[in-house]
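Below you'll find the structure, written out as structure tokens, and then a few comments.
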Amino acid sequence: MTDQLENEDVYSALRAEQLLFSLERQGYSRRELLKLGAVGISVLGGFARLAAPQAARADNGSPISKPLPAQNFVNFGSNAEMRWDSVPGLGYVIPNDRFFVRDHTGTPILNASTWQLNVFGTGLKNSPTLTNPVTFTYDALQALPKKTIYTFIECAGNGRSFFGTQQGTPAAGTQWTLGAVGVAAWTGVPLSTVLDKAGILPNAVDVMPSGLDGTVVANGVDAGHVRRPVPASKALNDVLLAYEMNGQPLPYDHGYPVRLVVPGWVGVSNIKWIGQIEVSATPLSSLWNTTQYVLTGPTYSGSPVITSQVVKSAFELPLGAQIPVGKATVLSGRSWSGGGSIKRVDISVDGGATWTQATLHGANIANAWGRWNFTWTPSATGNYTLRARATDSVGNVQPTAVPFNDGGYLFGAIVQHPVVVS
Ligand SMILES: Nc1nc2c(c(=O)[nH]1)N[C@H]1C(S)=C(S)[C@@H](COP(=O)(O)O)O[C@H]1N2
Ligand SMILES: [Mo]
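Counting from 151, one number per residue, gives the positions in the sequence shown under our numbering.
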């Protein structure tokens, strides 16, 4: 084994950890399995290393732990966008190794057996403090009744690049096209169960989860750990403390051992590597709901805080895709909304002059997505611009343009997708 901890080592360690988990679930004890060497010697080497300190970093030269093959991802360093042209053939959920990653600093490698969740604040019975909190271990969470939900996680800045390329007003930040989104099956404990156990009071107004990844320095000031308040009404409604993604323990990059999943809301609400939750009888704030993830710009006043995601659509094609002339081509895509499920999707191949309804097929879950097909037989060669316009179940329709905001958030306008027919 080399001194360098390669990505593959992290992966085999992760696989070993996952194998141990699944065998444990079948009733074997971890100690016995390790004695038996059930997961292999070299793999155990990796496991032992990863089990060492809290918040170590995968030493693969990347802030992100998993491999990011170029055919599946655009690598932005601590962020990685899923390529929509890699999606055809995938099912309803995006597999864990194909899911986009968005890290404010970098993926920490945490240890579930020493991890604990600390819950405190004035919105709880007896106002436990951070130094004397109500605690939950990983095993304690797993012992509570579990639930699985299908929902997207989508970065608030998904589609940001189109503010520049389509509307002529670039917004600073990661220049995502549309691949900062994915749907997964998330399994865990309803946050309401944990908050009830911790003694949440009727006067609680805000619930603020905080991550165990590095602190974030913004404008030379340490803003602390990534954290953002969720109103108690939402926190007690449909929010999940997830420890599984698509039937596997959460991958390191997606919040192992436990993350928050806030259905329909902007990505940043879904705090990964959660370590503590403050429950407060008075409103809470952080960098992430005051100067970031708020709407500012020429047409905005009062910096409204962003919460729900808007309606969006993507073709499962590269920008600039080649399409054969005179032949029927099935264009596939997906649409999603933080407002509900998808009611209809219309396609235009002529610059928005005429529209034809696409065919939605399969599952179409609120706060997840609907998949659709549209058969196109272009009769002449040349450059075309495809447009997909979705309507959600509460009547939101994608507009032609959206007002600019400085953060480049919530780009919900119809995307102009260039293709070449030859
Ligand atoms: N602790 C912590 N949680 C976090 C982040 C982070 O950097 N640290 N990034 C947030 C943002 S901005 C997004 S879009 C989602 C991305 O989730 P994913 O990497 O699992 O796709 O996680 C959110 N939760
Ligand atoms: Mo994000």
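Even glycine gets a Cβ: it sits at the ideal position worked out from N, Cα and C.
What you are looking at is a predicted structure, and each value in this text was computed from that prediction instead of being measured.
Just to confirm, does residue i get its C-beta within under 7 Å of one of the non-hydrogen atoms of ligand 1?
i, result
"I421", "yes"
"V547", "no"
"V357", "no"
"I303", "yes"
"G374", "no"
"G361", "yes"
"D403", "yes"
"F226", "no"
"F249", "yes"
"H511", "no"
"H254", "yes"
Which of the three DSSP states, helix, strand or coil, is assigned to residue i?
i, result
"D363", "coil"
"A471", "strand"
"K216", "coil"
"L274", "strand"
"F171", "Only weak support is given to the placement of F171: the predicted model assigns it a pLDDT of 40, under 50, and the value that follows is read from those uncertain coordinates. Residue state, collapsed to three classes: helix."
"Q566", "coil"
"L291", "helix"
"G452", "coil"
"Y402", "helix"
"A201", "Note that A201 has pLDDT 34, beneath the 50 cutoff, so the model's placement of it is unreliable and the number below is only indicative. Residue state, collapsed to three classes: helix."
"F589", "Absent from the structure is residue 589, since the part of the chain shown begins at 151 and ends at 572."
"N555", "coil"
"R378", "coil"
"L280", "coil"
"V429", "strand"
"N261", "coil"
"S543", "coil"
"D253", "coil"
"G332", "strand"
"K493", "strand"
"R370", "In the sequence as presented, Arg is not what sits at residue 370; that position holds Gly. G370 falls in the coil class under three-state DSSP."
"L351", "coil"
"G532", "strand"
"D247", "helix"
"N225", "strand"
"S342", "helix"
"F465", "strand"
"V411", "strand"
"K384", "helix"
"N439", "helix"
Mind checking residue i: buried by the 16 CB within 10 Å criterion, or exposed?
i, result
"D403", "buried"
"G196", "Low confidence applies here, because G196 scores a pLDDT of 31, under 50, leaving its location unreliable; read the following figure in that light. Counting Cβ neighbours within 10 Å, G196 comes out buried, since at least 16 surround it."
"H511", "exposed"
"L601", "The structure shown has nothing for residue 601, since the chain only spans 151 to 572."
"K422", "buried"
"A503", "exposed"
"K216", "buried"
"Q398", "buried"
"S436", "buried"
"D496", "buried"
"T531", "exposed"
"P278", "buried"
"S482", "buried"
"N282", "exposed"
"N439", "buried"
"N113", "Only positions 151 to 572 of the chain appear in the structure, and residue 113 is not among them; the question remains open."
"T257", "buried"
Comparing the CB of residue i with every heavy atom of ligand 3, is any distance shorter than 7 Å?
i, result
"T298", "With respect to small molecules bound, the structure shown includes ligand 1 and ligand 2 and not ligand 3."
Taking residue i and residue j to be in contact with their CB atoms under 8 Å, please state how far apart those CB atoms are, rounded to whole angstroms.
i, j, result
"L218", "N225", "5 Å"
"L280", "Q426", "7 Å"
"W265", "P413", "Not a contact, Cβ separation roughly 24 Å."
"L390", "P340", "6 Å"
"F250", "A330", "5 Å"
"G271", "V429", "4 Å"
"R310", "G470", "The Cβ separation is near 19 Å, so there is no contact."
Using a Cβ cut-off of 8 Å (strictly closer), state whether residue i contacts chain C.
i, result
"L469", "Absent from the structure: chain C. Only one protein chain is present."
| Residues whose Cβ lies closer than 7 Å to any heavy atom of ligand 2, in chain order | R252, C305, A306, G307, A330, V416, G417, V418
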